[in-house]
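Peer 1: For reference, the structure I am asking about is given below.
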Amino acid sequence: MFAAAFIYSSRLEIALDLRRRVHHPQLRDAFPTTKTVITHRLTITSDGQLDDTLAALLTEAYETVGPGTRAR
1 MFAAAFIYSS RLEIALDLRR RVHHPQLRDA FPTTKTVITH RLTITSDGQL DDTLAALLTE
61 AYETVGPGTR AR
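For the sequence shown, counting from 1, position 57 maps to 57 in the UniProt record's numbering; every step adds exactly one.
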């Protein structure tokens, strides 16, 4: 798994697995889940917070931790 999302009444919670620690205004927590993967938890409360940086992080998660990357 490289990403997960949960919808609550007033927010969207996103978890992204990346191979590096990143900073984002909506970042709530970041913690290692393996020796090489760090899970980042973000809280989104408005449409405006779904920015290009978040989209780039999602793409990075897919390309570096997503399906077919285990052998890398």
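Glycine included, every Cβ here is placed at the ideal spot set by N, Cα and C.
If you draw a straight line from the C-alpha of Phe6 to the C-alpha of Leu12, how long is it?
Peer 2: 6 Å
Peer 1: Tell me where the beta strand (DSSP E) around Asp17 begins and ends.
Peer 2: Leu12 to Leu18
Peer 1: Could you check the C-alpha separation between Phe31 and Ala56 for me, to the nearest Å?
Peer 2: Inter-residue distance for Phe31 and Ala56 is about 20 Å (C-alpha atoms, whole angstroms).
Peer 1: First and last residue of the alpha helix (DSSP H) that includes Thr53?
Peer 2: Asp52 to Val65
Peer 1: Do Glu60 and Leu27 have their CB atoms nearer than 9 Å?
Peer 2: For Glu60 and Leu27, no; Cβs fall outside 9 Å.
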